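Enquirer: First the structure, then my questions, so here it is.
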Amino acid sequence: DTGVSQDPRHKITKRGQNVTFRCDPISEHNRLYWYRQTLGQGPEFLTYFQNEAQLEKSRLLSDRFSAERPKGSFSTLEIQRTEQGDSAMYLCASSSPGGGSSSAGSYEQYFGPGTRLTVT
Amino acid sequence: GESVGLHLPTLSVQEGDNSIINCAYSNSASDYFIWYKQESGKGPQFIIDIRSNMDKRQGQRVTVLLNKTVKHLSLQIAATQPGDSAVYFCTFNSGGSNYKLTFGKGTLLTVNP
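Those protein sequences? They're chains R and E, same order as listed. Add 641 to the 1-based position in the first sequence for our numbering, that's all there is to it. Add 1 to the 1-based position in the second sequence for our numbering, that's all there is to it.
Have a look at this one:
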């Protein structure tokens, strides 16, 4: 357990429905990241927050996707009008501004267990 | 029936053997690299990292080697154990102060008892 939690762990929804996922990072971490992972692939970067500011969004993040981190703590990722192609594992990670066990400190990202989304 | 193969590079080793997993990257500006381990149904777990000003770094049973000339990274696992069975990803940044990580395709390591 890395200390990053995600909810729900699994979500099954019908095409066209909206879904929202939550991520709670490690409390002292100011950076939070969302990734999407499909079967047999590595995680793909979606978006990144530093505190409450969303600093970067991938072009993978279509207009149907929105992420927020209103108080610089937990974050939500919403997908509107879900499509079958949205089925994937959605991973959240967090990192600290410095320190940690890695040689660089601030780059080490701690991942949550993910939310598995299935769109039927 | 239809194969659900992952189309990942795979490595199969015997328990107790050493494992070497390789990775190539393309961005010459990348200056930070991490190896992650991902077990089925779980998020990636940090193993070891290395900065571009180093060519070797050792951890507990793991060693990462970096060859910037050919943009190649490797992870060596000593005395591989069944618990090491997982998918291993190399990741790298884009250089500078960009903290975004790009994940490689991954290698499936299977340790036979």
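C-beta atoms are modelled at their ideal positions from N, C-alpha and C, and glycine is treated no differently. Just so we're clear, the structure is a prediction, and the values are computed from it rather than from any experiment.
Return no unless some Cβ of chain R is closer than 8 Å to the Cβ of residue 22 of chain E.
Expert: On the second sequence, position 21 is the one that residue 22 of chain E refers to. No - not a single Cβ of chain R is within 8 Å of the one on residue 22 of chain E.
Enquirer: Since residue 666 of chain R meets chain E, which of its residues come closer than 7 Å, beta carbon to beta carbon?
Expert: Counted from its first residue, the first sequence places residue 666 of chain R at position 25. None at all; the shortest Cβ gap to chain E is about 12 Å.
Enquirer: CB-CB under 7 Å to residue 47 of chain E, same chain, minus the five flanking residues each way: which ones, in chain order?
Expert: Position 46 of the second sequence holds residue 47 of chain E. Contacts found: 35, 37.
Enquirer: Verify whether the separation of the beta carbon atoms of residue 643 of chain R and residue 752 of chain R is less than 8 Å.
Expert: As a working mapping, residue 643 of chain R is identified with position 2 in the first sequence. As a working mapping, residue 752 of chain R is identified with position 111 in the first sequence. Yes, they are a contact pair.
Enquirer: State buried or exposed for residue 659 of chain R, treating a residue as buried only when at least 16 other CB atoms are found within 10 Å of its CB.
Expert: As a first step, residue 659 of chain R must be located in the first sequence, where it is residue number 18. Residue 659 of chain R should be labelled exposed.
Enquirer: Give me the chain E residues within the contact set of residue 752 of chain R, using Cβ-Cβ distance strictly less than 9 Å, ordered along the chain.
Expert: Sequence index remark: in the first sequence, residue 752 of chain R carries index 111 (1-based). Chain E residues near residue 752 of chain R: 37, 39, 43, 44, 45, 46, 47.
Enquirer: Could you say which of E/33, E/114, E/60, E/89 lies nearest to residue 107 of chain E if we only look at CA atoms?
Expert: In the second sequence, residue 107 of chain E corresponds to position 106, counting from 1. Cα-wise, what sits closest to residue 107 of chain E is E/89.
Enquirer: By Cβ distance, which residues of its chain are closer than 8 Å to residue 3 of chain E, with the 5 residues on each side in sequence left out?
Expert: Residue mapping note: residue 3 of chain E aligns to position 2 of the second sequence, counting from 1. Model confidence at residue 3 of chain E stands at a pLDDT of 36, short of 50, so the residue's coordinates are unreliable; what they give is reported in the following sentence. Taken in chain order, the list of residues that qualify is empty.
Enquirer: Against chain E, with Cβ distances strictly below 8 Å, would residue 748 of chain R count as a contact?
Expert: Within the first sequence, residue 748 of chain R is the residue found at index 107, counting from 1. Yes - at least one Cβ of chain E is within 8 Å of the one on residue 748 of chain R.
Enquirer: Can at least three beta-carbon pairs, one atom from the region 723–735 of chain R and one from the region 678–698 of chain R, be found at a separation below 8 Å?
Expert: yes
Enquirer: Would you kindly check if the distance between the Cβ of residue 15 of chain E and the Cβ of residue 113 of chain E is under 8 Å?
Expert: Start at 1 with the first residue of the second sequence, and residue 113 of chain E comes out as number 112. Start at 1 with the first residue of the second sequence, and residue 15 of chain E comes out as number 14. The answer is yes: Cβ separation under 8 Å.
Enquirer: Please list the partners that residue 9 of chain E has in chain R, where partner means a Cβ-to-Cβ separation under 7 Å.
Expert: One-based indexing of the second sequence puts residue 9 of chain E at position 8. In chain order: 681.
Enquirer: Short of 9 Å Cβ to Cβ, which residues in the region 709–740 of chain R face chain E?
Expert: 730, 732, 733, 734, 736
Enquirer: My understanding is that residue 57 of chain E touches residue 29 of chain E, with C-beta atoms under 8 Å, so please give their C-beta distance in whole angstroms.
Expert: Your numbering for residue 57 of chain E matches position 56 in the second sequence. Your numbering for residue 29 of chain E matches position 28 in the second sequence. Actually they are not in contact, since the Cβ atoms of residue 57 of chain E and residue 29 of chain E sit about 20 Å apart, beyond 8 Å.
Enquirer: State yes or no: is the C-beta of residue 79 of chain E within less than 8 Å of the C-beta of residue 23 of chain E?
Expert: Here residue 79 of chain E refers to the residue found at position 78 of the second sequence. Here residue 23 of chain E refers to the residue found at position 22 of the second sequence. No; because the gap between Cβ atoms is not below 8 Å, this pair is not in contact.
Enquirer: When you compare the CB of residue 669 of chain R with every CB in chain E, is at least one pair closer than 8 Å?
Expert: Working through the first sequence from its first residue, we reach residue 669 of chain R at position 28. False, the Cβ-Cβ gap to chain E never drops below 8 Å.
Enquirer: Helix or strand or just coil, what does DSSP make of residue 82 of chain E?
Expert: As a first step, residue 82 of chain E must be located in the second sequence, where it is residue number 81. Coil at residue 82 of chain E, not helix or strand.
Enquirer: Leaving out the 5 sequence neighbours to the left and right, which residues in its chain are closer than 6 Å to residue 104 of chain E when beta-carbon positions are compared?
Expert: Sequence index remark: in the second sequence, residue 104 of chain E carries index 103 (1-based). These residues qualify, in order along the chain: 90, 92.
Enquirer: When the Cα atoms are used, what is the spatial distance from residue 13 of chain E to residue 60 of chain E?
Expert: To locate residue 13 of chain E, count along the second sequence from 1; it is residue 12. To locate residue 60 of chain E, count along the second sequence from 1; it is residue 59. Going from the Cα of residue 13 of chain E to the Cα of residue 60 of chain E covers about 22 Å.
Enquirer: Between residue 693 of chain R and chain A, is any beta-carbon pair separated by less than 8 Å?
Expert: The chain labelled as chain A is not found among the protein chains of the depicted structure, namely R and E.
Enquirer: For the region 44–74 of chain E, enumerate the residues whose C-beta is nearer than 9 Å to any C-beta of chain R, in chain order.
Expert: 44, 45, 46, 47, 49, 50, 51, 52, 55, 58
Enquirer: Could you check where the beta strand (DSSP E) with residue 20 of chain E kicks off and where it finishes?
Expert: For the purposes of this step, residue 20 of chain E is taken as residue 19 along the second sequence, with counting starting at 1. In the DSSP annotation of this structure, the continuous segment of the beta strand (DSSP E) that includes residue 20 of chain E starts and ends at 20–25.
Enquirer: Looking at chain R, is there any beta carbon in it that lies within less than 8 Å of the beta carbon of residue 33 of chain E?
Expert: Here residue 33 of chain E corresponds to residue number 32 of the second sequence, with the count starting at 1. It does: the Cβ of residue 33 of chain E has a partner Cβ on chain R nearer than 8 Å.
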